[in-house]
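Numbering (my numbering), first residue to last: 1 to 303.
Please read the structure below before turning to the comments.
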Ligand code: AMP
Ligand code: ZN
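Dropping the structure here:
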């Protein structure tokens, strides 16, 4: 197959940048892909250094109880994933093996564990912050990262079911949080320029579920609560959101009881970097051979 007639995903597989697993949106990562991810992590850390943010790294799962409290299922039930496990006795085990052997559904008897898959890297942060008492006067800054799950299988390599999200999160007064987001809208553009990625920044909305969701999405746009840095990745398609800039107002802080010293609810904002999307954008624009990438890009990523 010629390079230009196979899909981008097929070419990534052929070069071992990604490896297929048999499930759309679930891929193993090759060495050169991970080198780029590590490079991106360093560039992001450099852009975020001034916050002197507290670093927290999350496992890919979070507490089901906290997830239920977070309200995620009100807005995005279609994207959520939960972890279920076997709790039967030996007889149940034999029945389960029989079902697998016969190609029957065996998962209907699995029960929900205390863990769900993390939908966004900042979700498990707010309950931790809420336990610490009032937010100090100069605000709180966090640098978080998690593998995230979204149930949106797709042949588009940039739409994965499991991917890493690195975020900076600010908790503070409305002014502090707005200033944080303004700074990141600027830094986000600098970041894309440093990596020589074609980009634009646009107002955006989250994929809220159902008819009620359409109202939420348009109000989110009207209030300018979400912006995205978009980079063309799949040719012919719309450009892909690689970085998101979100202002939550007091949504999360009120939900989790995160207060300022005055007793008012804090405000929060986050900037979320889609690590896989950024890496794919670089592979798309600079080719599949890291050694042939432009030297300024290689230097920025310390490859
Ligand atoms: P969001 O919370 O939807 O704004 O996501 C934050 C960032 O994660 C986005 O800007 C994307 O770069 C990335 N992202 C979201 N969904 C996916 C996905 N299905 N596959 C890969 N990256 C994603
Ligand atoms: Zn976030």
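Just so it is clear, CB atoms sit at the ideal spot from N, CA and C, and this is done for glycine as well.
- Item | Any non-hydrogen atom of ligand 2 closer than 6 Å to residue 61 Cβ | Against the chain shown, residue 61 aligns to sequence position 61. It does not: the Cβ of residue 61 is nowhere closer than 6 Å to a heavy atom of ligand 2.
- For residue 277, is the beta carbon positioned less than 6 Å from some heavy atom of ligand 1? On the chain shown, residue 277 is found 277 positions in, with the first residue counted as 1. Because some heavy atom of ligand 1 lies under 6 Å away, the Cβ of residue 277 counts as near it: yes.
- Message: Just verifying my parser: in three-state terms, what is the DSSP assignment at residue 226?
- Response: Reading the chain shown from its first residue, position 226 is the one you call residue 226. Note: residue 226 maps to strand in three-state DSSP.
- Query: Within the chosen definition, does the segment 288–300 reach the segment 244–256 through at least 3 CB pairs nearer than 8 Å?
  - Reply: no
- Message: I'd like the ranges of any alpha helix (DSSP H) spanning at least 4 consecutive residues and lying wholly in the segment 74–118.
- Response: 90–101
- Measuring from the CB of residue 261, is there a heavy atom of ligand 2 at a distance below 6 Å? Counting from 1 along the chain shown, the entry for residue 261 is found at position 261. Checking the Cβ of residue 261 against ligand 2 gives no.
- Can you list every residue whose CB sits closer than 7 Å to some heavy atom of ligand 2, going in chain order? 120, 121, 122, 167, 169, 246, 270 and 272
- Item | Residue of 268, 47, 50 and 59 minimising C-alpha distance to residue 175 | As a position in the chain shown, residue 175 is number 175, starting the count at 1. Of the listed residues, the one whose Cα sits closest to residue 175 is 268.
- Item | Beta-carbon proximity of residue 24 to residue 235, cut-off 7 Å | Position 24 of the chain shown, counted from the first residue, corresponds to residue 24. Position 235 of the chain shown, counted from the first residue, corresponds to residue 235. Cβ atoms of residue 24 and residue 235: not closer than 7 Å.
- For residue 183, does the three-state DSSP call read helix, strand or coil? The sequence position of residue 183 within the chain shown is 183, counting from 1. Correct three-state label for residue 183: helix.
- Query: Would you say the beta carbon of residue 8 comes nearer than 6 Å to a heavy atom of ligand 1?
  - Reply: The count along the chain shown starts at 1 and reaches residue 8 at position 8. Checking the Cβ of residue 8 against ligand 1 gives no.
- Backbone CA spacing between residue 91 and residue 63 [nearest angstrom]: Residue numbering aside, residue 91 sits at position 91 when the chain shown is read from its first letter. Residue numbering aside, residue 63 sits at position 63 when the chain shown is read from its first letter. About 30 Å.
- Item | Status (buried if at least 16 other CB within 10 Å, exposed otherwise) for residue 86 | Counting from 1 along the chain shown, the entry for residue 86 is found at position 86. So residue 86 ends up on the exposed side.
- With DSSP as the reference, label residue 258 as helix, strand or coil. Taking the chain shown and counting its residues from 1, one reaches residue 258 at position 258. Residue 258: coil per DSSP, three-state reduction.
- Task: Could you have a look at residue 1 and say whether DSSP puts it in helix, strand or coil?
- Result: Counting from 1 along the chain shown, the entry for residue 1 is found at position 1. A caution first: residue 1 carries a pLDDT of 49, below 50, which makes its placement in the model unreliable, though a value can still be read off. Correct three-state label for residue 1: coil.
- Message: Quick check: the segment 211–218 against the segment 182–197, are at least 3 beta-carbon pairs closer than 8 Å?
- Response: no
- Task: Give the single residue among 40, 31, 280 and 182 whose Cα lies nearest to the Cα of residue 156.
- Result: What you label residue 156 is simply residue 156 of the chain shown in a count that begins at 1. The shortest C-alpha separation from residue 156 is found at 280.
- Message: Quick check: what's the CA-CA separation for residue 221 versus residue 38?
- Response: In the chain shown, the residue the question calls residue 221 occupies position 221. In the chain shown, the residue the question calls residue 38 occupies position 38. In a straight line, the C-alpha of residue 221 is about 33 Å away from that of residue 38.
- Message: Does the structure place the segment 118–136 close enough to the segment 164–178 that three or more beta carbon pairs sit under 8 Å?
- Response: yes
- Query: Hey, out of 72, 68 and 147, whose CA is closest to residue 112's CA?
  - Reply: Position 112 of the chain shown, counting from 1, holds the residue named residue 112. When only C-alpha atoms are compared, the closest one is 68.
- Using the C-alpha atoms, what's the distance from residue 93 back to residue 271? Residue 271 sits at position 271 when you count from the first residue of the chain shown. Residue 93 sits at position 93 when you count from the first residue of the chain shown. Roughly 45 Å separates the two Cα atoms.
- At least 3 beta-carbon pairs within less than 8 Å: the segment 42–57 vs the segment 137–147: yes
- Message: Let me check you understand the geometry: is the CB of residue 216 closer than 6 Å to at least one non-hydrogen atom of ligand 1?
- Response: Residue numbering aside, residue 216 sits at position 216 when the chain shown is read from its first letter. Flag unset: Cβ of residue 216 not near ligand 1.
- Item | Straight-line Cα distance separating residue 65 from residue 114 | The sequence position of residue 114 within the chain shown is 114, counting from 1. The sequence position of residue 65 within the chain shown is 65, counting from 1. Taking the straight line joining both Cα atoms gives about 7 Å.
- Message: By the three-class DSSP mapping on this structure, what secondary structure does residue 54 have?
- Response: Reading the chain shown from its first residue, position 54 is the one you call residue 54. Reduced to three states, the DSSP call for residue 54 is strand.
- Message: From the DSSP secondary-structure annotation, give me the bridge partner or partners of residue 252.
- Response: For the purposes of this step, residue 252 is identified with residue 252 of the chain shown, where counting begins at 1. Paired residue(s): none; residue 252 is not in a bridge.
- Task: Give the DSSP bridge partners of residue 244, in chain order.
- Result: Your numbering for residue 244 matches position 244 in the chain shown. Answer by DSSP bridge pairing, in chain order: 228 and 272.
- Item | Contact set for residue 54: own chain, Cβ-Cβ below 8 Å, skip 5 residues either direction | To locate residue 54, count along the chain shown from 1; it is residue 54. Around residue 54: 140, 141, 142 and 143.
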